[in-house]
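Novice: One structure coming up, written as structure tokens, with questions to follow.
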Amino acid sequence: MPTTENCRFCWMCRHACPVGHVTHRETYTPHAWALEIESVRRGQIAWDASTVSVLYACADCGLCRAHCATDQPLPDAIVAARAEVAAAGAAPAVVYDIERRLRRHLDAGAAVRSSNASRRASSSVGLFVGDVSDTARARVVESAVALLAAAGISVTEIGAGRPTGRTAVSLGLRDVAADLARAVIEDVQSAGVDELIVLTPGDRWAFESVYADRLGLEWPAGVRVTEAIVVLARALAAGSLSFRAPDGARPYAYHDPCDTPRLDRDHAAPRALAAAALGADAARSFFWREHRAHPCGAIGGLDVTHPDIAATLAAARLDDARIAGAQWIVTEDPTCSQHLAAHASDGVEVHNLFELLHERLEPSSRRTSAC
Amino acid sequence: MPADLSAGVRDALAAIVGADHVRSEPIDQLIYSVDSYWLPQMWLDRGRRTQTPGLIVYPGSAEEVARVLAVADEARVPVVPWGGGSGTQGGALPIHGGLIVDTKRLDRILEINERSMYVRAQAGINGGQLEWALNDRGLTLPHYPASATCATLGGYLAPRGSGTISTKYGKAEDLVMNIEVALPGGRLVRTPLVPNHASGPDFMRLFLGTEGTFGVITEATMRITRLPETRLLRAMLFKDVATGLEAGRQMMVQRLDPLVIRMYDPRSTGLLVKRVLGYELQGAYMIIGFDGWADIASAQEQRALAICASLGARDLGREPGERWWDHRYDFYYPPHTLHLPALYGTVETVSTFDHIEEIYHAKKAAIEGTYGHLGVEYIGHFSHWFPWGASLYDRFLLKEAPPAPEDAETLHNQIWDTAVTTSLAHGGMINEHHGVGLKLSRFMRAQYGDAWPLLESIKDAIDPHHIMNPGKVGFEEMPS
Chain R
1 MPTTENCRFC
11 WMCRHACPVG
21 HVTHRETYTP
31 HAWALEIESV
41 RRGQIAWDAS
51 TVSVLYACAD
61 CGLCRAHCAT
71 DQPLPDAIVA
81 ARAEVAAAGA
91 APAVVYDIER
101 RLRRHLDAGA
111 AVRSSNASRR
121 ASSSVGLFVG
131 DVSDTARARV
141 VESAVALLAA
151 AGISVTEIGA
161 GRPTGRTAVS
171 LGLRDVAADL
181 ARAVIEDVQS
191 AGVDELIVLT
201 PGDRWAFESV
211 YADRLGLEWP
221 AGVRVTEAIV
231 VLARALAAGS
241 LSFRAPDGAR
251 PYAYHDPCDT
261 PRLDRDHAAP
271 RALAAAALGA
281 DAARSFFWRE
291 HRAHPCGAIG
301 GLDVTHPDIA
311 ATLAAARLDD
321 ARIAGAQWIV
331 TEDPTCSQHL
341 AAHASDGVEV
351 HNLFELLHER
361 LEPSSRRTSA
371 C
Chain A
372 MPADLSAGVR
382 DALAAIVGAD
392 HVRSEPIDQL
402 IYSVDSYWLP
412 QMWLDRGRRT
422 QTPGLIVYPG
432 SAEEVARVLA
442 VADEARVPVV
452 PWGGGSGTQG
462 GALPIHGGLI
472 VDTKRLDRIL
482 EINERSMYVR
492 AQAGINGGQL
502 EWALNDRGLT
512 LPHYPASATC
522 ATLGGYLAPR
532 GSGTISTKYG
542 KAEDLVMNIE
552 VALPGGRLVR
562 TPLVPNHASG
572 PDFMRLFLGT
582 EGTFGVITEA
592 TMRITRLPET
602 RLLRAMLFKD
612 VATGLEAGRQ
622 MMVQRLDPLV
632 IRMYDPRSTG
642 LLVKRVLGYE
652 LQGAYMIIGF
662 DGWADIASAQ
672 EQRALAICAS
682 LGARDLGREP
692 GERWWDHRYD
702 FYYPPHTLHL
712 PALYGTVETV
722 STFDHIEEIY
732 HAKKAAIEGT
742 YGHLGVEYIG
752 HFSHWFPWGA
762 SLYDRFLLKE
772 APPAPEDAET
782 LHNQIWDTAV
792 TTSLAHGGMI
802 NEHHGVGLKL
812 SRFMRAQYGD
822 AWPLLESIKD
832 AIDPHHIMNP
842 GKVGFEEMPS
């Protein structure tokens with residue numbers, strides 16, 4: 001039975017849906033998206049501006065599936081419906097703007113691709129840096145590379161300038177997403193690495209799941225994907241990384257990056273690093289954390305298709321911080337930290353965890369990056 | 372007849388809640404035209420449409436709910452309260468159009484009092500989210516219905532719901548201390564926040580079980596408890612329903628205070644227990660559980676095991692009991708749960724120990740005897756126990772509903788008639804915990820007999836224009 005048939009009259013994951021939670025609308029809940037898709041299939045409604053807008057209100061955060069006892073892949077079904085809508089020319093105009101922008105990326109990236117393809121890695125460990133034209137991400141990459149070097153891990157930077165295709169596939173832009181994914185895979189294969197470190201859970205999810213499940217692409221055999229934050233936490237535990245004694249840190253809460261709940265993840269790793277750099281006493285817990293972490297809105301293209309909902313989700317996370325008694329929100333995902341910072345106000349500051357860790361790295365831990 | 376909503380009504384509502392919180396897009400109307408009742412789902416599945424609401428309104432406070440009701444009352448527009456939409460009785464269906472009042476913006480926890488052990492929250496809060504918040508403090512609201520993740524607090528109370536551990540902790544109505552209700556004329560009333568009292572009648576209970584036909588619950592205070600030190604689950608296998616029922620009866624009358632006794636009849640054991648838990652067993656599979664302090668729970672369990680052993684039960688051990696606990700809600704997720712294209716209904720009832728076994732056999736005989744030639748099956752389990760009786764959660768099931776939706780509806784309603792009249796004839800109620808809604812509305816006069824006009828007169832006093840959820844819980848439609 002198709003997923004949407006299973007989910008259309010099932011309400012069981014409602015408690016987990018962040019969009020339903022902040023909008024309070026039954027229409028913006030998982031069962032409603034499934035019912036909408038099935039109702040179009042039965043000819044009871046058609047894709048028009050209103051129904052398409054509803055379809056694009058899902059954040060594709062994966063929480064509904066993560067909380068489903070029978071693992072219904074509803075986010076995949078919603079994304080598949082968007083692909084049909086987009087192919088029919090009925091997606092929101094902003095989706096096609098993004099498609100054109102990504103196509104330009106791909107065209108401009110041809111030179112990068114050939115340059116990357118000819119360069120084999122000097123290390124067996126790669127670091128997927130992604131779209132470093134984004135200045136916030138560039139700073140995060142610099143910090144991550146320095147931290148990894150301090151931990152004794154030499155990395156080859158891979159995928160400079162490449163979006164993973166994760167947002168594109170969420171928006172129903174399957175073809176451009178597949179082209180982006182192929183380019184990333186080609187870069188990884190050319191580099192010849194056997195481990196690829198990623199900066200965010202979203203990148204890990206893209207490589208481990210999206211490419212195979214949504215795009216039918218094979219990830220290079222033998223290349224395992226690891227989150228940088230997990231690698232650094234191991235180094236911290238092993239004593240090969242140390243940070244200055246916390247000074248001046250204010251009460252903080254750790255925001256689990258968007259996509260986190262859909263992964264089997266070491267939730268303790270980022271928290272241990274944050275505690276080492278900012279002080280365990282200063283840590284505060286979000287209500288929406290770990291396996292139930294709600295996204296901040298910087299996910300699945302929601303910030304372009306429904307900026308109002310994305311902003312509301314960011315405001316909700318900022319409220320979480322206030323309720324928890326935190327003055328800082330820290331997170332490693334540069335897209336999350338940027339999105340949250342754009343909405344921050346009233347005494348809550350947003351900091352990227354990699355940058356904070358880099359700033360507080362003990363001088364004795366500092367080494368020159370091998371790359 | 373669908374209500375006519377003038378632009379003036381919409382403007383008046385928008386002035387109260389804000390224009391963004393009044394919706395009437397066709398997609399919204401579609402989504403709010405179906406709840407967890409089989410009938411509208413079947414119609415939609417067959418490509419038909421069901422009655423949609425004219426407007427959906429999202430009040431942000433109890434005061435706004437009251438003002439919305441005042442506008443509706445003045446304009447004689449029907450109002451259907453909506454929480455999670457997870458009710459199975461059609462109680463949230465806008466059968467006359469009008470207004471849906473979605474309470475989900477009322478989602479704040481107002482107070483968690485760990486000294487007097489209660490939580491006070493707005494009625495639109497999601498049950499799963501409320502429970503997470505309590506669990507974070509080592510507390511729980513011991514109301515664990517299958518709909519815990521989707522229903523709202525108000526939805527727990529409106530139909531007097533039960534959860535899987537009601538045998539120890541009581542139904543939702545036993546856990547509530549006070550409520551605030553918005554009434555059709557625009558008034559807000561609040562009942563006293565005390566453990567109990569004898570200061571006149573307990574009028575809070577007028578609003579429990581009336582499913583939005585008297586007003587909209589906007590806030591409730593619920594009894595909470597600490598998460599238990601231990602929870603002991605175990606499974607037993609009885610040769611038949613009769614011996615299992617006797618074991619449960621003895622546990623209850625000896626006041627062993629079980630957390631749960633859940634006995635599946637042999638057909639449920641062979642069908643659902645096998646499908647969801649993976650055990651192939653013949654007989655009546657029973658879960659028993661005790662919680663609280665480890666030494667006390669263990670002593671209670673030992674006495675229960677002795678009762679089961681004396682009745683020849685096979686002790687299946689802890690693992691099948693704990694597995695049931697861990698997967699107790701899985702039964703309600705698709706594809707495990709009953710779902711279309713099957714035709715099905717949960718015809719649950721309750722009675723005293725004198726009658727409950729007789730009701731089970733009578734309903735099985737009536738449903739399978741009358742409709743067995745069509746392939747209709749009857750299954751059941753006994754899941755909510757009292758020291759005086761038990762509830763029978765029984766269902767009819769036909770793997771494929773008739774292809775024409777009209778035929779499917781007719782057969783569905785005929786089987787319901789058979790099931791309910793059989794329950795009533797043998798000392799049962801038309802319902803134990805799902806409520807009445809639209810589905811059972813037609814049986815309320817038979818249920819209450821000479822007492823029914825009294826309930827009608829109370830309805831007339833509170834909701835003289837019958838705007839509140841008309842056509843539900845047995846109350847007449849709006850006067851034309």
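As they're listed, the protein sequences go chains R and A. Last residue of the first sequence: number 371 in my numbering, and the count goes up by one each step with no gaps. Last residue of the second sequence: number 851 in my numbering, and the count goes up by one each step with no gaps. Beta carbons are placed, not taken as given, at the ideal position from N, Cα and C, and that holds for glycine.
If the cut is a Cβ gap below 7 angstroms, which residues of chain R does His707/A touch?
Specialist: What His707/A touches in chain R: Thr70.
Novice: Listing by chain order, which chain A residues have their CB less than 8 angstroms from the CB of Val210/R?
Specialist: Correct list: empty, because the minimum Cβ distance to chain A is about 24 angstroms.
Novice: From the DSSP output, which residues share a beta bridge with Thr226/R?
Specialist: The partner list for Thr226/R (beta bridge, DSSP) reads Ile197/R.
Novice: Determine the burial state of Gly425/A: buried for a count of at least 16 other Cβ atoms within 10 Å of its Cβ, exposed for fewer.
Specialist: Buried, since its Cβ has 16 or more Cβ neighbours within 10 Å.
Novice: Ends of the alpha helix (DSSP H) at Pro257/R?
Specialist: Element bounds for Pro257/R: n/a, residue is neither H nor E.
Novice: So which residues of chain A does Trp47/R contact, with C-beta pairs closer than 8 angstroms?
Specialist: Residues of chain A passing the Cβ test: none, with the nearest at roughly 10 angstroms.
Novice: Within its chain, find whatever has a CB closer than 7 angstroms to the CB of Ser415/R; leave out the 5 residues flanking it on each side and keep chain order.
Specialist: Residue coverage of chain R in this structure runs from 1 to 371, which leaves residue 415/R outside it and unanswerable.
Novice: Where DSSP assigns a beta bridge to Ser762/A, which residues make up the other side?
Specialist: Ser762/A is bridged to Val721/A.
Novice: Does the beta-carbon distance from Leu768/A to Leu714/A come in below 9 angstroms?
Specialist: Yes, Cβ-Cβ distance for Leu768/A and Leu714/A is below 9 angstroms.
Novice: Among residues of its own chain, excluding the 5 on either side of Ser115/R, which ones have a beta-carbon nearer than 8 angstroms to its beta-carbon?
Specialist: Bear in mind that a pLDDT of 49 at Ser115/R, under 50, signals an unreliable position, so the number given afterwards is only what the model happens to contain. Cβ within range, chain order: n/a, list empty.
Novice: How do the stretch 450-461 of chain A and the stretch 8-26 of chain R stand: do at least 3 beta-carbon pairs fall below 8 angstroms, yes or no?
Specialist: Yes, since at least three Cβ pairs between the stretch 450-461 of chain A and the stretch 8-26 of chain R fall closer than 8 angstroms, the two stretches touch.
Novice: Run through DSSP, which three-state label would Ala151/R get?
Specialist: Here Ala151/R sits in coil by DSSP.
Novice: Using the DSSP secondary-structure output, state which residues sit across from Trp695/A in a beta bridge.
Specialist: Beta-bridge pairing links Trp695/A to no other residue.
Novice: Find the residues of chain A that neighbour Gly43/R, judging by a C-beta separation of less than 9 angstroms, and give them in chain order.
Specialist: By Cβ distance, chain A contributes Gly418.
Novice: Can you find a CB in chain A that lies within less than 9 angstroms of the CB of Val54/R?
Specialist: It does: the Cβ of Val54/R has a partner Cβ on chain A nearer than 9 angstroms.
Novice: Starting from the beta carbon of Ser50/R, find every residue of chain A whose beta carbon is closer than 8 angstroms, and list them in chain order.
Specialist: Simply Glu396, Pro397 and Ile398.
Novice: Among Asp131/R, Leu147/R, Gly152/R and Leu173/R, which has the Cα closest to the Cα of Tyr96/R?
Specialist: Answer by Cα proximity: Leu173/R.
Novice: Could you have a look at Gly498/A and say whether DSSP puts it in helix, strand or coil?
Specialist: Note: Gly498/A maps to helix in three-state DSSP.
Novice: Is it true that the CB of Ala817/A sits closer than 9 angstroms to the CB of Ile833/A?
Specialist: The answer is no: Cβ separation not under 9 angstroms.
Novice: At a CB-CB cut-off below 7 angstroms, which residues of chain R make contact with Tyr429/A?
Specialist: Ordered by position in chain R, the residues that pass the 7 angstroms Cβ test against Tyr429/A are His24.
Novice: Run through DSSP, which three-state label would Ile483/A get?
Specialist: Strand.
Novice: Distance, Cα to Cα, Cys371/R vs Ser123/R?
Specialist: Below a pLDDT of 50, predicted positions are generally treated as unreliable, and Cys371/R, at 37, falls in that range; no measurement from the model is reported.
Novice: Taking beta-carbon pairs under 9 angstroms, can you tell me which members of the stretch 269-287 of chain R lie near chain A?
Specialist: Going along the stretch 269-287 of chain R in chain order, one finds Ser285 and Phe287 with a Cβ nearer than 9 angstroms to chain A.
Novice: With which residues is Met634/A paired in a DSSP beta bridge?
Specialist: According to DSSP, Met634/A bridges with Met657/A and Phe753/A.
Novice: Would the stretch 323-339 of chain R and the stretch 204-215 of chain R be scored as touching if the rule is three or more Cβ pairs under 8 angstroms?
Specialist: Counting Cβ pairs under 8 angstroms, fewer than three are found: no touch.
Novice: To the nearest angstrom, how far is it from the Cα of Gly820/A to the Cα of Leu763/A?
Specialist: Each residue's Cα considered, the two are about 23 angstroms apart.
Novice: Report buried or exposed for Pro555/A, applying the criterion of at least 16 other Cβ atoms within 10 angstroms of its Cβ.
Specialist: Under this definition Pro555/A is a buried residue.
Novice: Which same chain residues end up closer than 8 angstroms to Leu217/R when comparing Cβ atoms and leaving out the 5 residues on each side of it in sequence?
Specialist: Around Leu217/R: Ala178, Ala181, Arg182, Ile185 and Tyr211.
Novice: I want to verify the contact list: residues of chain R whose CB lies under 7 angstroms from the CB of Lys475/A, in sequence order.
Specialist: By Cβ distance, chain R contributes His24.
Novice: Taking the beta strand (DSSP E) that Pro452/A falls in, what are its first and last residues?
Specialist: Taken as a continuous stretch (DSSP letters only), the beta strand (DSSP E) holding Pro452/A covers Val450 to Trp453.
Novice: Does Thr305/R come within less than 9 angstroms of chain A when only Cβ atoms are used?
Specialist: No, Thr305/R lies away from the interface with chain A (no Cβ there is under 9 angstroms from its Cβ).
Novice: Would you mind telling me which residues of chain R sit closer than 7 angstroms to Ser327/A, beta carbon to beta carbon, in chain order?
Specialist: Because chain A spans 372 through 851 in this model, residue 327/A falls outside it and cannot be assessed.
Novice: Measure the alpha-carbon distance for Leu356/R versus Ala69/R and round it to whole angstroms.
Specialist: About 38 angstroms.
Novice: Here's the rule: buried if 16 or more other CB atoms are within 10 angstroms of the residue's CB, otherwise exposed. What is Ser118/R?
Specialist: Low local confidence applies: a pLDDT of 43 at Ser118/R is under 50, so the model's placement there is unreliable, with the coordinate-based value given in what follows. Flag for Ser118/R reads exposed.
Novice: Return the Cβ separation of Thr511/A and Val587/A in integer angstroms, given the expectation that the two are a contact with Cβ distance under 8 angstroms.
Specialist: Not confirmed; about 26 angstroms, so no contact.
Novice: For the stretch 77-88 of chain R, which residues have a beta carbon sitting closer than 9 angstroms to at least one beta carbon of chain A?
Specialist: Within the stretch 77-88 of chain R, no residue qualifies.
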